[in-house]
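Undergrad: Let me begin by handing over the structure; questions about it come next.
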Amino acid sequence: ASCSVDKSVKFWDTRQRKKAAISLDDAHDTDVNVISWNTIDDHLLASGCDDGTLKVWDLRSVKDAGGAAQPAAKFEYHSKAITSVEWHPQE
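Residue numbers 224 to 314, in our numbering, belong to the letters of the sequence shown in order.
Structure (structure tokens):
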């Protein structure tokens, strides 16, 4: 997976070199700075952006919805950019 200043989160299949397998073009309203896979549930990805929003994406629902997926959770508690994200090791 990757994130970008164009507000997107992309999921890649290494067998397809030219384009992302799934692209969430407007995953956030501002630049997406960081992503982190959950180490226990490999379907969950967290993303953080410049406006302080953190979103959790469930890859199963992202696949079903194509590029129009909604996050599994959205947190708007920070007033500054999120530049680092890490899952709790047991969750």
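Don't be surprised by glycine CBs; every beta carbon is placed ideally from N, CA and C.
The structure presented is a predicted model; accordingly, all values stated were derived computationally and were not measured.
As a quick exercise: from D273, P312, D287 and N261, pick the residue whose alpha carbon is nearest that of H301.
TA: D273
Undergrad: Measure how close the beta-carbons of D248 and S225 come, nearest whole angstrom, since I'm counting them as under 8 Å.
TA: Not quite, the Cβ-Cβ distance comes to about 13 Å (not below 8 Å), so this is no contact.
Undergrad: Buried or exposed: K297, going by 16 or more other Cβ atoms within 10 Å of its Cβ?
TA: exposed
Undergrad: Look at E309 and S259 and say whether their C-beta atoms are less than 7 Å apart.
TA: yes
Undergrad: When the Cα atoms are used, what is the spatial distance from G271 to K242?
TA: 23 Å
Undergrad: Jot down the residue ranges of each uninterrupted alpha helix (DSSP H) in the region 233 to 312, minimum 4 residues, whole runs only, in chain order.
TA: Fully enclosed alpha helix (DSSP H) runs of 4 or longer: 282 to 288.
Undergrad: Which residues does DSSP list as the beta-bridge partners of D225?
TA: Checking the sequence shown, residue 225 turns out to be Ser, not Asp. For S225, which the question treats as bridged, DSSP gives the partners K233.
Undergrad: Alpha carbons only, please: which of T306, D265 and H311 is nearest the one belonging to V255?
TA: Out of T306, D265 and H311, T306 has the C-alpha closest to the C-alpha of V255.
Undergrad: Quick one: residues in its chain with C-beta nearer than 8 Å to the C-beta of W280, no 5 flanking neighbours on either side, listed in chain order?
TA: Listed in chain order, the non-local C-beta contacts of W280 below 8 Å within the same chain comprise V232, L247, A250, L267, L268, A269, S270, A292, P294 and A295, local neighbours out to five positions each way being set aside.
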